[in-house]
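Single-structure report; data block below.
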Amino acid sequence: MNEAINPGALKTLFTDARTHNGWQDIPVSDETLREIYDLMKWGPTSANCSPARIVFVRSPEGKEKLAPALSSGNLAKTLAAPVTAIVAWDSEFYERLPELFPHGDARSWFTTSPELAQETAFRNSSLQAAYLIFACRALGLDTGPMSGFDPQKVDAAFFTGTTLKSNLLINIGYGDVSKVYGRLPRLTFEDACGLA
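Okay, structure coming up:
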(Lines of atoms letter the chains of each structure in order from A and count residues from 1; the text may use other names and numbers.)
(Lines give C-alpha, C1' and ligand atoms only; values in the text may rest on other atoms or scores of the structure.)
Protein backbone atom coordinates (compact mmCIF):
# COMPACT_ATOMS: atom_id res chain seq x y z
CA MET A 1 0.00 0.00 0.00
CA ASN A 2 1.28 3.46 -0.86
CA GLU A 3 1.82 6.14 1.74
CA ALA A 4 -0.17 9.35 1.37
CA ILE A 5 1.94 12.43 0.66
CA ASN A 6 1.97 15.25 3.16
CA PRO A 7 -0.34 18.31 2.97
CA GLY A 8 2.53 20.54 1.84
CA ALA A 9 3.15 18.33 -1.18
CA LEU A 10 -0.56 18.36 -2.01
CA LYS A 11 -0.46 22.17 -2.00
CA THR A 12 2.59 22.17 -4.29
CA LEU A 13 1.04 19.76 -6.76
CA PHE A 14 -2.63 20.75 -6.62
CA THR A 15 -4.30 23.28 -4.36
CA ASP A 16 -1.76 26.13 -4.37
CA ALA A 17 -0.34 25.49 -7.85
CA ARG A 18 -1.38 27.94 -10.54
CA THR A 19 -1.12 28.42 -14.29
CA HIS A 20 1.52 31.09 -14.87
CA ASN A 21 1.44 33.83 -17.49
CA GLY A 22 4.53 35.79 -16.43
CA TRP A 23 8.05 34.66 -15.71
CA GLN A 24 11.05 35.62 -13.64
CA ASP A 25 14.31 35.97 -15.53
CA ILE A 26 15.79 32.78 -14.07
CA PRO A 27 17.04 30.09 -16.45
CA VAL A 28 16.08 26.42 -16.25
CA SER A 29 19.15 24.22 -16.61
CA ASP A 30 19.54 21.24 -18.92
CA GLU A 31 20.02 19.10 -15.81
CA THR A 32 16.64 20.24 -14.49
CA LEU A 33 14.98 19.42 -17.82
CA ARG A 34 16.46 15.93 -17.58
CA GLU A 35 15.15 15.62 -14.01
CA ILE A 36 11.68 16.63 -15.20
CA TYR A 37 11.71 13.96 -17.89
CA ASP A 38 13.17 11.35 -15.53
CA LEU A 39 10.18 11.88 -13.22
CA MET A 40 7.42 12.16 -15.83
CA LYS A 41 8.46 9.03 -17.73
CA TRP A 42 7.30 6.83 -14.83
CA GLY A 43 3.65 7.87 -15.16
CA PRO A 44 1.50 5.08 -16.60
CA THR A 45 0.38 4.90 -20.23
CA SER A 46 -1.69 2.21 -21.89
CA ALA A 47 0.51 -0.81 -22.67
CA ASN A 48 3.43 1.39 -21.57
CA CYS A 49 3.22 2.94 -25.06
CA SER A 50 4.89 6.22 -24.00
CA PRO A 51 4.06 8.14 -27.21
CA ALA A 52 5.02 11.63 -26.00
CA ARG A 53 8.07 13.28 -27.48
CA ILE A 54 9.18 16.65 -26.14
CA VAL A 55 11.16 19.51 -27.60
CA PHE A 56 12.29 21.93 -24.89
CA VAL A 57 12.47 25.26 -26.72
CA ARG A 58 14.79 27.62 -24.87
CA SER A 59 17.14 29.33 -27.32
CA PRO A 60 16.34 32.62 -29.06
CA GLU A 61 16.48 30.74 -32.37
CA GLY A 62 14.01 28.15 -31.13
CA LYS A 63 11.63 30.80 -29.83
CA GLU A 64 11.86 32.59 -33.20
CA LYS A 65 10.84 29.36 -34.96
CA LEU A 66 7.94 28.89 -32.55
CA ALA A 67 6.61 32.47 -32.55
CA PRO A 68 4.69 32.39 -35.89
CA ALA A 69 2.62 29.45 -34.63
CA LEU A 70 1.44 31.18 -31.44
CA SER A 71 -1.90 32.91 -30.95
CA SER A 72 -1.62 36.62 -30.16
CA GLY A 73 -2.64 35.99 -26.54
CA ASN A 74 0.15 33.46 -26.03
CA LEU A 75 2.99 35.19 -27.88
CA ALA A 76 4.50 37.53 -25.25
CA LYS A 77 4.32 35.10 -22.33
CA THR A 78 5.82 32.29 -24.40
CA LEU A 79 8.70 34.42 -25.64
CA ALA A 80 9.35 35.49 -22.03
CA ALA A 81 9.24 31.95 -20.59
CA PRO A 82 12.65 30.38 -19.95
CA VAL A 83 11.46 27.15 -21.62
CA THR A 84 8.51 26.12 -23.73
CA ALA A 85 7.92 22.39 -24.00
CA ILE A 86 6.35 21.23 -27.24
CA VAL A 87 4.62 18.02 -26.23
CA ALA A 88 4.18 15.95 -29.37
CA TRP A 89 3.04 12.42 -30.09
CA ASP A 90 4.83 9.90 -32.24
CA SER A 91 2.42 8.52 -34.85
CA GLU A 92 4.59 5.39 -35.02
CA PHE A 93 4.98 4.96 -31.25
CA TYR A 94 4.10 1.29 -31.69
CA GLU A 95 7.51 0.59 -33.24
CA ARG A 96 8.95 0.82 -29.70
CA LEU A 97 6.38 -1.55 -28.16
CA PRO A 98 8.50 -4.73 -28.53
CA GLU A 99 10.96 -2.99 -26.17
CA LEU A 100 8.44 -1.15 -23.94
CA PHE A 101 5.78 -3.89 -23.67
CA PRO A 102 7.49 -7.25 -24.21
CA HIS A 103 4.61 -9.24 -22.67
CA GLY A 104 2.89 -9.76 -26.01
CA ASP A 105 2.64 -8.56 -29.59
CA ALA A 106 1.22 -5.12 -28.74
CA ARG A 107 2.69 -3.63 -31.92
CA SER A 108 0.16 -5.54 -34.04
CA TRP A 109 -2.73 -3.92 -32.15
CA PHE A 110 -1.84 -0.61 -33.76
CA THR A 111 -0.32 -1.49 -37.14
CA THR A 112 -3.69 -2.87 -38.25
CA SER A 113 -5.71 0.16 -37.12
CA PRO A 114 -4.41 3.67 -37.88
CA GLU A 115 -7.44 5.14 -36.09
CA LEU A 116 -6.65 3.24 -32.89
CA ALA A 117 -2.98 4.19 -33.15
CA GLN A 118 -3.79 7.90 -33.50
CA GLU A 119 -6.35 7.88 -30.69
CA THR A 120 -3.97 6.01 -28.38
CA ALA A 121 -1.02 8.26 -29.17
CA PHE A 122 -2.96 11.49 -28.69
CA ARG A 123 -4.69 10.36 -25.48
CA ASN A 124 -1.55 9.03 -23.87
CA SER A 125 0.67 11.96 -24.89
CA SER A 126 -1.93 14.23 -23.26
CA LEU A 127 -1.66 12.12 -20.14
CA GLN A 128 2.13 12.39 -20.27
CA ALA A 129 1.84 16.18 -20.61
CA ALA A 130 -0.01 16.19 -17.28
CA TYR A 131 2.80 14.14 -15.75
CA LEU A 132 5.25 16.74 -17.07
CA ILE A 133 3.32 19.50 -15.32
CA PHE A 134 3.39 17.62 -12.03
CA ALA A 135 7.08 16.78 -12.41
CA CYS A 136 7.80 20.50 -12.90
CA ARG A 137 5.76 21.39 -9.82
CA ALA A 138 7.46 18.68 -7.77
CA LEU A 139 10.84 20.21 -8.65
CA GLY A 140 9.78 23.74 -7.66
CA LEU A 141 9.00 25.04 -11.16
CA ASP A 142 5.84 26.67 -12.47
CA THR A 143 4.01 25.91 -15.70
CA GLY A 144 1.62 27.48 -18.15
CA PRO A 145 0.01 24.88 -20.45
CA MET A 146 -1.50 26.20 -23.68
CA SER A 147 -3.46 25.04 -26.67
CA GLY A 148 -3.57 28.43 -28.43
CA PHE A 149 -1.23 27.67 -31.33
CA ASP A 150 -1.29 26.42 -34.90
CA PRO A 151 -0.18 22.77 -34.80
CA GLN A 152 0.53 22.64 -38.53
CA LYS A 153 2.98 25.54 -38.19
CA VAL A 154 4.65 23.93 -35.17
CA ASP A 155 4.93 20.62 -37.01
CA ALA A 156 6.38 22.33 -40.09
CA ALA A 157 8.93 24.24 -38.01
CA PHE A 158 10.02 21.41 -35.71
CA PHE A 159 8.89 18.03 -37.03
CA THR A 160 9.17 18.05 -40.83
CA GLY A 161 10.31 14.65 -42.07
CA THR A 162 9.47 12.91 -38.77
CA THR A 163 6.56 10.90 -37.42
CA LEU A 164 5.86 13.50 -34.71
CA LYS A 165 2.77 15.71 -34.39
CA SER A 166 2.31 18.48 -31.82
CA ASN A 167 -0.29 18.12 -29.09
CA LEU A 168 0.14 21.09 -26.70
CA LEU A 169 2.64 23.61 -25.39
CA ILE A 170 3.75 24.11 -21.78
CA ASN A 171 5.71 27.16 -20.65
CA ILE A 172 8.12 26.26 -17.85
CA GLY A 173 10.09 28.40 -15.43
CA TYR A 174 9.81 30.33 -12.19
CA GLY A 175 6.55 32.21 -12.31
CA ASP A 176 5.96 35.88 -11.62
CA VAL A 177 3.15 35.73 -9.05
CA SER A 178 2.15 39.32 -9.82
CA LYS A 179 0.86 38.09 -13.20
CA VAL A 180 -1.27 35.21 -11.92
CA TYR A 181 -5.02 35.59 -12.41
CA GLY A 182 -7.37 35.22 -9.45
CA ARG A 183 -8.27 31.65 -8.58
CA LEU A 184 -11.10 30.45 -10.81
CA PRO A 185 -13.85 28.13 -9.58
CA ARG A 186 -13.92 24.40 -10.17
CA LEU A 187 -16.88 22.06 -10.52
CA THR A 188 -18.06 20.35 -7.35
CA PHE A 189 -18.02 16.58 -6.94
CA GLU A 190 -21.79 16.58 -7.48
CA ASP A 191 -21.44 18.54 -10.72
CA ALA A 192 -18.66 16.45 -12.18
CA CYS A 193 -18.94 12.95 -10.74
CA GLY A 194 -21.34 10.10 -10.44
CA LEU A 195 -21.40 6.87 -8.52
CA ALA A 196 -22.44 3.64 -10.20
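In terms of UniProt numbering, the sequence shown opens at residue 1 and continues consecutively.
Ideal Cβ positions, reconstructed from N, Cα and C, are used throughout, including at glycine.
Would the beta-carbon of residue i fall within 8 angstroms of that of residue j?
i           : j    : result
V83         : F56  : yes
A157        : A69  : yes
S91         : T163 : yes
P145        : T19  : yes
Y94         : A67  : no
residue 239 : I36  : Because residue 239 is not part of the residues shown, which for the chain are 1 to 196, the question remains open.
K165        : F159 : yes
M40         : A121 : no
L100        : N48  : yes
G43         : L97  : no
A130        : A52  : no
Residue i: buried (16+ other C-beta within 10 angstroms of its C-beta) or exposed?
i           : result
N124        : buried
N74         : buried
W89         : buried
R34         : exposed
residue 285 : This structure leaves residue 285 out entirely; the chain is present only between 1 and 196.
F189        : exposed
Y181        : exposed
R186        : exposed
D142        : buried
I5          : exposed
K77         : buried
F14         : exposed
A196        : exposed
A192        : exposed
What residues are listed by DSSP as bridge partners for residue i?
i           : result
M146        : L169
V57         : T84
residue 211 : Any question about residue 211 goes unanswered here, given that the chain covers just 1 to 196.
L164        : D90
L70         : F149
T19         : T143
Since residue i contacts residue j with CB under 8 angstroms, what's their CB separation in whole angstroms?
i   : j    : result
L79 : K63  : 6 angstroms
S46 : F149 : The pair is not a contact, with the Cβ atoms about 26 angstroms apart (cut-off 8 angstroms).
Original post:
So, do the stretch 160-180 and the stretch 22-29 have three or more beta carbon pairs nearer to each other than 8 angstroms?
Top reply: Contact holds between the stretch 160-180 and the stretch 22-29, because three or more Cβ pairs, one in each stretch, are under 8 angstroms apart.
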